[in-house]
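Numbering (this note's numbering), first residue to last: 3 to 412.
Ideal placement from N, C-alpha and C gives every residue a C-beta, glycine not left out.
Being a predicted model, the structure only gives us computed values, none of them experimental.
Input: a single structure, listed below in structure tokens.
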Amino acid sequence: MHSAVFLIEFGAIILGLGLLGRVAGRLKFSPIPLYLLAGLAFGTGGLLPLGASEEFVAIGAEIGVILLLLMLGLEYTASDLVSNLKTQYPAGIVDFTLNALPGAAAALLLGWGPVAAAVLAGVTWISSSGVIAKVMGDLGRLGNRETPVILSILVLEDLAMAVYLPIITALLAGVSLAAGSLTLAIALGVAGAVLFVAVRYGRLISRFVSSDDPEKLLLVVLGLTLLVAGIAQQLQVSAAVGAFLVGIALSGEVAEGTHTLLSPLRDLFAAVFFVFFGLHTDPASIPPVLLPALALAVVTAGTKIATGYWAAKRAGIGVKGRWRAGGTLVARGEFSIVIAGLAVTAGIEPELGPLATAYVLILVVIGPLTTRYTQPLAAWFAERRRTGGRSADPVPEAATALPEPASRER
Numbered sequence: 003m004h005s006a007v008f009l010i011e012f013g014a015i016i017l018g019l020g021l022l023g024r025v026a027g028r029l030k031f032s033p034i035p036l037y038l039l040a041g042l043a044f045g046t047g048g049l050l051p052l053g054a055s056e057e058f059v060a061i062g063a064e065i066g067v068i069l070l071l072l073m074l075g076l077e078y079t080a081s082d083l084v085s086n087l088k089t090q091y092p093a094g095i096v097d098f099t100l101n102a103l104p105g106a107a108a109a110l111l112l113g114w115g116p117v118a119a120a121v122l123a124g125v126t127w128i129s130s131s132g133v134i135a136k137v138m139g140d141l142g143r144l145g146n147r148e149t150p151v152i153l154s155i156l157v158l159e160d161l162a163m164a165v166y167l168p169i170i171t172a173l174l175a176g177v178s179l180a181a182g183s184l185t186l187a188i189a190l191g192v193a194g195a196v197l198f199v200a201v202r203y204g205r206l207i208s209r210f211v212s213s214d215d216p217e218k219l220l221l222v223v224l225g226l227t228l229l230v231a232g233i234a235q236q237l238q239v240s241a242a243v244g245a246f247l248v249g250i251a252l253s254g255e256v257a258e259g260t261h262t263l264l265s266p267l268r269d270l271f272a273a274v275f276f277v278f279f280g281l282h283t284d285p286a287s288i289p290p291v292l293l294p295a296l297a298l299a300v301v302t303a304g305t306k307i308a309t310g311y312w313a314a315k316r317a318g319i320g321v322k323g324r325w326r327a328g329g330t331l332v333a334r335g336e337f338s339i340v341i342a343g344l345a346v347t348a349g350i351e352p353e354l355g356p357l358a359t360a361y362v363l364i365l366v367v368i369g370p371l372t373t374r375y376t377q378p379l380a381a382w383f384a385e386r387r388r389t390g391g392r393s394a395d396p397v398p399e400a401a402t403a404l405p406e407p408a409s410r411e412r
């Protein structure tokens with residue numbers, strides 16, 4: 003009986019996701035907000051809470067994040083990663099300064115204390131690699147000139163989590179300085195070792211994984227990715243970072259074949275991840291913290307747009323690409339929830355969990371919108387300012403202007 007209920011529930015979830023995806027496709031809109039709303043409707047405190055399939059959905063959600071980051075890593079080689087990190091580390095510093103400080107300041111203004119401030123700083127700092135990867139794929143922007151800048155910032159954030167998570171875990175647990183330092187040293191050592199292997203022996207790994215049989219290639223790549231992600235998480239390093247580095251290590255025909263084979267699987271489990279996120283959010287906990295969450299979301303959406311614009315400008319990207327880069331970085335998601343979950347488990351501040359949930363829900367819904375519309379809106383405001391607020395001519399001057407050189411935009 004239990005298995006029958008599980009099959010009915012999980013089948014209904016998958017069918018519902020397919021129908022929502024078709025609706026979003028007809029509306030030319032990312033399906034992510036619809037997936038989240040579906041999770042809210044059928045999660046804790048929703049219309050019809052699930053029971054039998056919840057554990058399986060949780061596992062599927064973890065796999066979804068891992069596959070999203072794997073596919074993101076396949077887009078670039080290890081040499082690309084190293085060069086981007088060398089050139090974009092100032093953007094990482096700006097990203098931390100502009101986006102972590104508002105969260106810390108908000109916590110202190112609410113009277114939550116320094117530990118809660120460190121937690122909320124992480125919640126507002128880290129963009130959602132999973133949401134951003136999905137939205138960029140939906141909009142066909144993975145080949146754009148600004149995409150390496152976006153990915154560099156996301157990679158810096160994900161790698162920073164290998165340092166931040168052990169520190170915040172130690173703060174929440176109140177452990178001694180020696181124990182916290184040991185945890186941090188292990189995390190840094192594992193992340194560094196995986197990165198070294200990916201950069202130094204990427205070709206050998208690709209040769210080992212390579213196969214002309216799609217079935218064998220799929221099994222080996224998927225097994226290797228889950229294995230590395232699991233080991234990384236066991237050693238206090240993010241599973242997402244491990245999956246991303248596996249993608250970086252694979253190159254050439256192996257990367258192309260893996261991308262083709264895993265794309266449908268990624269889309270399935272990524273959709274499950276967004277539903278799972280909604281399932282574990284009680285709608286009743288959101289209204290009391292909605293106003294501060296909304297204010298924080300507005301401020302940090304602006305700081306993320308500024309971060310992306312500055313980083314893209316520094317990389318020599320055209321104005322359109324700068325706005326697209328900024329709008330793409332707005333969404334928060336999986337890491338923010340993980341960080342807030344640690345604080346909730348430790349019992350640091352009762353309102354921190356609902357505030358973080360409302361904040362992430364706002365930005366995970368707004369994020370796909372800013373990704374798509376930030377650049378057109380910026381162009382519209384620029385045109386209004388140029389014309390002094392007058393109505394556009396029947397044949398606007400912008401329409402007859404020469405396009406920017408292809409080397410500046412894509």
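Item: Rounded to the nearest angstrom, how far is the Cβ of L72 from that of V211, given a contact under 8 Å?; Value: That belief does not hold up - the Cβ atoms of L72 and V211 are roughly 12 Å apart, past 8 Å.
Item: Tell me whether E64 sits in a helix, a strand or coil according to DSSP, three-state version.; Value: helix
Item: Could you compute how far the alpha carbon of A333 sits from the alpha carbon of T302?; Value: 10 Å
Item: Ordered along the chain, which non-local residues of its own chain (more than five positions away) have a Cβ less than 6 Å from that of G23?; Value: P33
Item: If you draw a straight line from the C-alpha of Y311 to the C-alpha of V25, how long is it?; Value: 32 Å
Item: State the Cα-Cα distance for the pair W325 and A135, rounded to the nearest angstrom.; Value: 17 Å
Item: Flag this pair as touching only if the stretch 256–271 and the stretch 217–237 have three or more C-beta atom pairs under 8 Å; answer yes or no.; Value: yes
Item: CB-CB under 6 Å to W114, same chain, minus the five flanking residues each way: which ones, in chain order?; Value: E351
Item: Are there 16 or more other CB atoms within 10 angstroms of the CB of K88, so buried, or fewer, so exposed?; Value: exposed
Item: Taking the alpha carbon of P285 as the point to measure from, which residue in P356, A175 and P216 has its own alpha carbon closest?; Value: P356
Item: Taking the CB atoms as reference points, tell me whether I68 and L220 lie closer together than 8 Å.; Value: no
Item: So within the stretch 214–277, which uninterrupted alpha helix (DSSP H) runs reach at least 4 residues, ignoring any that extend past its ends?; Value: 216–236 and 241–251
Item: Using the Cα positions of A234 and L100, report the straight-line distance between them to the nearest angstrom.; Value: 29 Å
Item: Classify T347 as buried or exposed, calling it buried when 16 or more other Cβ atoms lie within 10 Å of its own Cβ.; Value: exposed
Item: Select from S287, P216, A241 and L296 the residue whose C-alpha is nearest the C-alpha of T260.; Value: P216
Item: Just the Cα atoms here: how many angstroms apart are E64 and L112?; Value: 32 Å
Item: Name the two residues that bound the continuous alpha helix (DSSP H) containing P116.; Value: P116 to W127
Item: Can you tell me the Cα-Cα spacing of S208 and V230, whole angstroms?; Value: 15 Å
Item: In or out: D269 buried (at least 16 other Cβ within 10 Å) or exposed?; Value: buried
Item: In chain order, what residues of the same chain lie with their CB nearer than 8 Å to the CB of V96, ignoring the 5 residues before and after it?; Value: T309, W312 and A313
Item: Measure the CB-CB distance between L39 and G280 and report whether it falls below 8 Å.; Value: yes
Item: Within 10 Å of its beta-carbon, does Q90 have 16 or more other beta-carbons around it, so buried, or fewer, so exposed?; Value: buried
Item: Using 10 angstroms around the beta-carbon of P116, count the other beta-carbons present and answer buried if the total reaches 16, otherwise exposed.; Value: exposed
Item: When the Cα of A245 is compared with those of R205, G66, L9 and L19, which residue comes out closest?; Value: G66
Item: Can you tell me whether P290 is buried or exposed? The criterion is at least 16 other CB atoms within 10 Å of its CB, across all chains shown.; Value: exposed
Item: List the endpoints of the continuous alpha helix (DSSP H) containing R140.; Value: For clarity, residue 140 is Asp in the given sequence; the question names Arg instead. Its alpha helix (DSSP H) spans residues S131 to D140.
Item: Y361 by DSSP, collapsed to three states: which one?; Value: helix
Item: Since V121 and A342 should fall inside the 8 Å C-beta cutoff, what is the C-beta to C-beta distance between them, to a whole number of angstroms?; Value: 7 Å
Item: Among A123, F278 and M163, which residue has its Cα nearest to the Cα of L19?; Value: F278
Item: Looking at the structure shown, is P352 part of a helix, part of a strand, or coil, going by DSSP?; Value: coil
Item: Since F337 and M163 should fall inside the 8 Å C-beta cutoff, what is the C-beta to C-beta distance between them, to a whole number of angstroms?; Value: 6 Å
Item: Just curious, the alpha helix (DSSP H) that G329 is in, first and last residue?; Value: V321 to T330
Item: Any idea what DSSP makes of L29, helix, strand or coil?; Value: coil
Item: Given that a residue counts as buried once 16 or more other Cβ atoms are within 10 Å of its Cβ, and exposed if not, what is L420?; Value: With the chain covering only 3 through 412, there is no way to say anything about residue 420.
Item: Grouping DSSP H, G and I as helix and E and B as strand, with all else coil, what is I15?; Value: helix
Item: Please name the residue, chosen from P92, R388 and S287, that lies closest to P42 on a Cα-to-Cα basis.; Value: It is Leu, not Pro, that sits at residue 42 in the sequence shown. Taking only the C-alpha atoms, the option nearest L42 is S287.
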